[in-house]
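Engineer:
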Amino acid sequence: MWLEGRVALITGGSRGIGRATALRLAALRPAHIAVGYVLDHRAAQETVAQLHHLGISASAHCADVSDEAAFREVFAKLQSQHGRLDLLISAAARASFSPLMEVTPRSWQRVMDLNARAFLLGAQCAASLMIDGGRILGVSSLGGRGYLPQYGLLGAAKAAIESLTRYLAVELAERNIRVNSVCGGFVDTDSTRMLPDFDEVASAVAVRTPARRVGTPEDIAAVLALLCSSDSDWITGQTIVADGGLSLRQ
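In my numbering, the protein residues as written are 5 to 254.
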């Protein structure tokens with residue numbers, strides 16, 4: 005298994021897709037999983053405790069990924085404690101739902117910093133610690149590829165992540181670093197539950213999805229875990245769509 009004995013950092017690892025991924029990766033026996041979070045200290049500690057219960061060394065790191073100095077400090081700590089980093093999964097995000105005509109310069113900057121800019125900065129910092137290659141993974145969504153109501157701002161940020169995935173994959177290939185992203189369909193998370201009329205939207209999406217349900221964080225975690233395995237050695241620069249077939253009907 006590629007991840008066995010290696011060091012991983014998952015931003016947004018205290019809840020949702022990030023947390024599900026951290027727990028899923030435990031089966032791949034990494035040497036250490038660093039759980040990044042910004043708000044929910046209790047959830048982060050619970051995730052770390054669950055990883056310990058699964059026999060995995062883990063730690064929680066509080067840092068706003070939109071704060072460059074704080075984010076860089078996480079990587080500095082990992083370098084000091086472990087001397088390396090082999091895997092970065094950029095799962096930190098913040099929802100922002102509004103029509104584009106209501107987007108302000110401040111909200112634009114905030115969402116871009118938390119999503120696209122954090123993905124790029126994370127990749128830069130992580131790559132410098134990947135002494136014998138590694139993996140960098142992002143999380144996108146269908147809203148970055150097509151239209152979703154009130155999703156324009158976040159959709160632009162997710163589209164940027166997919167573009168960065170392609171460019172980073174080429175630029176980092178000679179260093180044996182593979183870069184990929186996973187594009188989820190409608191996934192039931194704390195963020196999507198902030199949508200107005202969530203229950204109505206989720207029901208409508210489930211009807212349109214060939215799999216006849218909305219996604220779960222575990223669905224996306226399973227694909228991210230695949231991209232952390234030796235089975236994905238020939239995959240780079242790709243955004244894997246995992247949506248139960250929803251995009252086929254859009």
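We put the beta carbon where it would ideally sit given N, CA and C, even for glycine. Computed from a predicted structure; not experimentally measured.
1) Leaving out five residues before and five after Gly126 in sequence, what residues of the same chain have Cβ atoms less than 6 Å from its Cβ?
2) List the endpoints of the continuous alpha helix (DSSP H) containing Gly159.
3) Check the C-beta distance from Thr220 over to Leu250 and give it rounded, since I have them as a contact under 8 Å.
4) Residues bridged to Ser186 by DSSP?
5) Assuming Ala246 contacts Arg28 (C-beta within less than 8 Å), just tell me the rounded distance between them.
6) Thinking Val78 and Gly40 are a contact (beta carbons under 8 Å), I'd like their distance in whole angstroms, please.
7) Quick check: the Cα distance between Gly241 and Val218, rounded to an integer number of angstroms?
8) Just curious, the beta strand (DSSP E) that Ala210 is in, first and last residue?
9) Grab me the residues of Arg121's own chain with a C-beta within less than 8 Å of its C-beta, minus the 5 sequence neighbours each way, in chain order.
10) Taking just the CA atoms, how far does Met105 sit from Gly22?
11) Once the 5 residues before and after Arg33 are set aside, which same chain residues still bring their CB inside 6 Å of it?
12) So, at 8 Å on beta carbons, what are the nonlocal neighbours of Ile239 in its own chain, with the 5 sequence-adjacent residues on each side left out?
13) Identify the residues that DSSP records as bridge partners of Tyr41: which are they?
Structural biologist: In terms of the structure at hand:
1) The residue given as residue 126 occupies position 122 in the sequence shown. Once the five neighbours on either side are set aside, the close Cβ partners of Gly126 are Leu92 and Ser94.
2) Mapped onto the sequence shown, residue 159 falls at position 155. Element bounds for Gly159: Gly156 to Leu176.
3) Position 216 of the sequence shown, counting from 1, holds the residue named residue 220. Position 246 of the sequence shown, counting from 1, holds the residue named residue 250. With a Cβ gap of about 14 Å, Thr220 and Leu250 do not count as contacting.
4) Start at 1 with the first residue of the sequence shown, and residue 186 comes out as number 182. Residue 186 is actually Val in this sequence, not Ser. Per DSSP, Val143 and Ile244.
5) The residue labelled residue 246 in the question sits at position 242 within the sequence shown. The residue labelled residue 28 in the question sits at position 24 within the sequence shown. With a contact defined as Cβ atoms closer than 8 Å, Ala246 and Arg28 miss out at about 13 Å.
6) Translated into positions along the sequence shown, residue 78 becomes position 74. Translated into positions along the sequence shown, residue 40 becomes position 36. Contact flag correct, Cβ pair sits at about 6 Å.
7) As a first step, residue 241 is located in the sequence shown; it is residue number 237 there, counting from the start. As a first step, residue 218 is located in the sequence shown; it is residue number 214 there, counting from the start. Those two C-alpha atoms are separated by around 26 Å.
8) Locating residue 210 in the sequence shown gives position 206, where the first residue counts as 1. Where Ala210 is concerned, there is no enclosing beta strand (DSSP E), although the alpha helix (DSSP H) it sits in stretches over Phe202 to Arg212.
9) For the purposes of this step, residue 121 is identified with residue 117 of the sequence shown, where counting begins at 1. Same-chain partners within the cutoff: Ser70.
10) In the sequence shown, residue 22 corresponds to position 18, counting from 1. In the sequence shown, residue 105 corresponds to position 101, counting from 1. Going by the C-alpha atoms only, they are around 31 Å apart.
11) Walking along the sequence shown from the start, residue 33 turns up at place 29. Taken in chain order, the residues that qualify are Glu8.
12) Locating residue 239 in the sequence shown gives position 235, where the first residue counts as 1. Hits under 8 Å: Arg182, Asn184 and Leu231.
13) Mapped onto the sequence shown, residue 41 falls at position 37. The bridge partners DSSP lists for Tyr41 are Cys66.
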